[in-house]
Amino acid sequence: MKVSIVIPTLNEATGIVASLQTMQVWREKCIELILVDGGSTDTTVELAKPWVDLIVASKPGRALQMNAGAKQATGNCLLFLHADTQLSVNGLNQLNVALAKGAQWGRFDVQIVGQSFMLRVVSSCMNQRSKLTSIATGDQAIFVRRALFECIGGFPDQVLMEDIALSNVLRQKYKPVCLPGPALTSGRRWESNGVWKTIFLMWRLRWLYWRGVEPAKLKELYK
């Protein structure tokens with residue numbers, strides 16, 4: 001089954017080349033890399049061109065960008081990968097095995113990379129919570145069969161919590177497959193803002209979302 005990897009970006013010039021370079025072994029395995037830029041004002045697009053199969057221009061917003069990339073993808077499985085998240089070749093092998101066994105959608109265990117010991121604790125809690133709730137976050141590298149993704153209409157058009165909203169729809173149809181990965185994601189946001197402060201913020205946002213607060217209002221808090 002052909003896999004298309006969709007990577008949304010916005011002003012990621014600092015690390016985009018290093019991130020994409022590690023994925024070149026995937027292109028050798030006929031994996032399609034699609035970068036969807038949301039209007040970067042730096043050199044993200046220019047730097048990325050030699051390292052991807054396709055660059056798509058989109059309005060900003062992860063949901064909009066990932067939907068735009070999915071429309072251009074040629075694979076029958078879509079893997080959505082944040083620009084600061086890495087997935088090993090072993091993770092790709094895990095995905096191929098899962099798809100061969102009939103997996104419809106799922107995600108990988110996440111490992112937040114950084115100096116603080118608490119990041120390992122946060123990663124473990126995220127993975128356990130995901131297994132219990134069947135809700136996946138974008139940092140966990142969500143994958144879904146293209147036919148299923150198109151059937152449910154893709155990511156909802158909202159500015160935040162699009163990963164949770166997608167998971168809520170998908171889990172009503174199929175139980176997600178949780179692969180060990182890991183998906184290695186940068187802890188830059190956690191460490192720059194303070195680990196405990198970020199933990200509190202993320203839980204607050206999820207609680208408010210559960211209470212029905214509009215994603216647009218949550219986006220202002222997130223900023």
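For the sequence shown, this note's numbering gives the first residue as 1, with consecutive numbering after it. Yeah, the Cβ is synthetic: ideal placement off N, Cα and C, and Gly gets one too. The structure displayed is predicted, hence computed values, not measured ones.
- For Gly-181, no alpha helix (DSSP H) encloses it; the enclosing beta strand (DSSP E) starts and ends at 177-186.
- The beta-carbon separation of Ser-186 and Ile-135, rounded to 21 Å, does not stay under the 8 Å limit for a contact.
- By the neighbour-count definition (other C-beta atoms within 10 Å, threshold 16), Ala-147 is an exposed residue.
- For Trp-105, there is no enclosing alpha helix (DSSP H); the enclosing beta strand (DSSP E) covers residues 105-113.
- In the structure shown, Val-52 adopts coil according to DSSP, grouped into three states.
- Val-121 and Ser-130 have their C-alpha atoms roughly 14 Å apart.
- In the three-state scheme derived from DSSP, where H, G and I count as helix and E and B as strand, Asp-84 is classed as coil.
- Scanning its chain for C-beta atoms nearer than 6 Å, with the 5 sequence neighbours on each side dropped, one finds around Asn-127 the residues Asp-109, in chain order.
- Between Ala-18 and Leu-33, the alpha-carbon positions lie close to 15 Å from each other.
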